[in-house]
Each structure stands twice: as structure tokens, then as C-alpha cells.
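K.L.:
Per this note's numbering, the very first residue in the sequence shown carries number -7; after that it's consecutive. Quick one: the structure is below, and I'll ask about it shortly.
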Amino acid sequence: MRFDERAESYDAHAAPQKRFAEALAAFAPFRRGVRVTELGAGTGFLTSALLAQGVNVDATDASPAMVELGRQSVPAANWSVHNAFGPIEKASALASTSLLHWAADPAAVLRHWRAALPAGGRLLLGVPCDPCLNELRDLIGEGPVRWRDEAQWLALLKGAKFDVHAHGVLESEEIYPSALDFLRHLHRSGVTGDPRFSPTELKSLLRDYDRLNARPDGVVATWAWLLVDATARA
């Protein structure tokens, strides 16, 4: 993935991510005055929503460029560069969205997060889940992400010694002018890696996507996010 390279264009092409981050904050608000460590904060979508609730936020991201933009756009948070997929510092509460699905071993990551929390410490989690981007996946396969459904994610949380108190999946159908425009949004938000297709293959993909997912005003792409409110088990 290329989030560091695409930090400058991320906000303009990540409308679904912003909307789901705001929904996550509203799903299970933290108590005013609580200090929360945010993992994979990006440029600050969830950060802003948490601060608006009166939460104190330590925002972290592995991308230095994202962190710098976050400092500029959301200066009220305490920003730092940190990779959330390894051991993390102790925290009273954690929040994360649009991050965990990128981990090669999310179960191990969740165990690191559990180790950072006291018993009863909260985890507010938002993670893309099946059927997210199923129209594209039907044509190109899974790509770099192993897509999990709600039940699979909940099982991983349970295995990492989290107790889930509330959860739900939000789905949104986004309309783009064309398949090319849709793929450009993905590319400019940093969620694509090295080119996987030859020019001929890409042309065929765009043609098939336009044909199979046409709507009167463009083409459709389904986005889906699992929202979870959990606590660390004793």
C-alpha cells in the first residue's frame, strides 16, 4: 500500500473512510475527558470525531507524511509516528479504523493491542469487511487483503481476549462516474500497490466493471465496515 506516497491526495479521495470513521465515533462514544490512543490515525478523520466528543487523543500512524498532515489539520491531538502492527505502548483505551484489515496476521496484532490495555480497557474498532468492494473483487480476486466477514472478525477478537459488547455492519453504495474514476479514487487514496495488470488486462477490467456494475448515473461500488465496541478481558 502507498499511504505515505498518497498522503496529500488522501482526503480528497477517501469519502467513505471519513464517513465510516464518523459513524464509528458515534456508535459507542467515549466518556468525555478520557485519553484514547488512536492506531492508524491517517490524516485525522476519526481523530477529529473523537476530539469533538471531548476525548483526549494520542494519534499514531506508521506514515510520517500522514502524521505531518494530521498535525496540521487536527493540531489538538498529540501526534506521533508508530507502527500499530507490532507491540504498542500501554494505553487506557484504543481506537482504530481502516487499519486492521491490512495486517498480514490480524490475530497477532489484536494480541499486541490486548497486551497494551488494562482489564476492562476499551477498544473501539472499525474495519472493512465482506462484502466491501465485492464488485471489484469478483473481477480481480482478493488482492493484498484477505477479506473477512463479521463473524470471522468477531472470532479473532474473542481469540485475542476481547469481550465484544456491541457490533454492527454499515454498508454504503457509492456511485462513481466510471470504473476508471473509481480505480483512480482507490489509487489516489493509497490503497493500491504496485501495478498488477498489463495495459490490455486493465482495459478489459475497466470494460467489464462498467458493464457489470452500471447504474443510470455511473457505476456502483459497495463499501462495508464492521463497527465494534469491546473491552479487554481480565
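Positions of the beta carbon are idealized from the N, C-alpha and C atoms, including for glycine.
Does DSSP classify aspartate 221 as helix, strand or coil?
P.N.:
In the structure shown, aspartate 221 sits in a strand (DSSP, three-state: E or B).
K.L.:
How is the beta strand (DSSP E) around phenylalanine 77 delimited, first residue to last?
P.N.:
Premise fails: phenylalanine 77 is in no beta strand (DSSP E) and is neither H nor E.
K.L.:
Per the contact definition of three or more C-beta pairs closer than 8 Å, is the stretch 24 to 33 in contact with the stretch 126 to 133?
P.N.:
No, the stretch 126 to 133 does not touch the stretch 24 to 33.
K.L.:
Which residue comes first and which comes last in the alpha helix (DSSP H) that contains serine 196?
P.N.:
Looking at the DSSP string, the run of the alpha helix (DSSP H) that includes serine 196 is 191 to 204.
K.L.:
How many whole angstroms separate the CB atoms of cysteine 223 and arginine 114, which I take to be in contact at a CB cut-off of 8 Å?
P.N.:
The identity of residue 223 in the sequence shown is threonine, whereas the question assumes cysteine. With 8 Å as the limit, threonine 223 and arginine 114 qualify as a contact, their Cβ atoms being about 5 Å apart.
K.L.:
Output the boundary residues of the alpha helix (DSSP H) element that contains threonine 39.
P.N.:
Segment 37 to 44, the alpha helix (DSSP H) holding threonine 39.
K.L.:
From the DSSP output, which residues share a beta bridge with glycine 210?
P.N.:
Paired residues: Arg207.
K.L.:
Report yes if the C-beta distance between alanine 216 and proline 120 is below 9 Å; otherwise report no.
P.N.:
Contact: yes.
K.L.:
For arginine 114, report the span of its beta strand (DSSP E) as first-last.
P.N.:
Where arginine 114 is concerned, the enclosing beta strand (DSSP E) stretches over 114 to 120.
K.L.:
Is the Cβ-Cβ distance between leucine 219 and valine 137 less than 9 Å?
P.N.:
Their beta carbons are not under 9 Å apart, which means leucine 219 does not touch valine 137 by this criterion.
K.L.:
What's the C-alpha gap between leucine 102 and methionine 58?
P.N.:
One C-alpha to the other measures close to 23 Å.
K.L.:
Note down, in chain order, each residue of its chain lying with its Cβ closer than 6 Å to the Cβ of leucine 92, except the 5 sequence neighbours on either side.
P.N.:
Only Pro98 and Val119 meet the Cβ criterion.
K.L.:
Within a Cβ cutoff of 6 Å, which residues of the same chain sit near glutamine 45, ignoring the five residues on either side of it in sequence?
P.N.:
Cβ within range, chain order: Pro21.
K.L.:
Can you tell me which of Asp221, Ala226 and Asn48 puts its alpha carbon nearest to the alpha carbon of leucine 117?
P.N.:
The shortest Cα separation from leucine 117 among Asp221, Ala226 and Asn48 belongs to Asp221.
K.L.:
Assuming serine 164 is part of the alpha helix (DSSP H), what are its boundary residues?
P.N.:
From DSSP, serine 164 is part of no alpha helix (DSSP H) but of the beta strand (DSSP E) over 154 to 168.
K.L.:
Expressed to the nearest angstrom, what Euclidean distance is found between the alpha-carbon atoms of aspartate 173 and arginine 180?
P.N.:
Cα-Cα distance, rounded: 10 Å.
K.L.:
Can you tell which of Pro56, Ser190, Ala226 and Arg207 has its C-alpha closest to the C-alpha of proline 169?
P.N.:
The option with the nearest alpha carbon to proline 169 is Arg207.
K.L.:
Which two residues bound the contiguous alpha helix (DSSP H) that contains valine 229?
P.N.:
With the chain represented from -7 up to 226, any question about residue 229 goes unanswered, as that position is not in the structure.
K.L.:
For phenylalanine 12, I'd like the list of residues in its chain whose CB is within less than 7 Å of its CB, leaving aside the five on either flank, ordered along the chain.
P.N.:
Around phenylalanine 12: Thr89, Gly118, Leu162 and Trp217.
K.L.:
Looking only at its chain, what residues have a beta carbon closer than 6 Å to the beta carbon of alanine 226, apart from the 5 residues adjacent to it on each side?
P.N.:
Once the five neighbours on either side are set aside, the close Cβ partners of alanine 226 are Ala111.
K.L.:
Please state whether DSSP places alanine 15 in a helix, a strand or coil.
P.N.:
Here alanine 15 sits in helix by DSSP.
K.L.:
If we call anything under 9 Å between Cβ atoms a contact, is alanine 33 one with alanine 6?
P.N.:
No; because the gap between Cβ atoms is not below 9 Å, this pair is not in contact.
K.L.:
Taking the alpha-carbon positions, what's the histidine 157 to valine 183 distance?
P.N.:
Distance between the alpha carbons of histidine 157 and valine 183 is about 30 Å.
K.L.:
Would you check if the distance between the CB atom of valine 49 and the CB atom of asparagine 70 is smaller than 9 Å?
P.N.:
Contact: yes.
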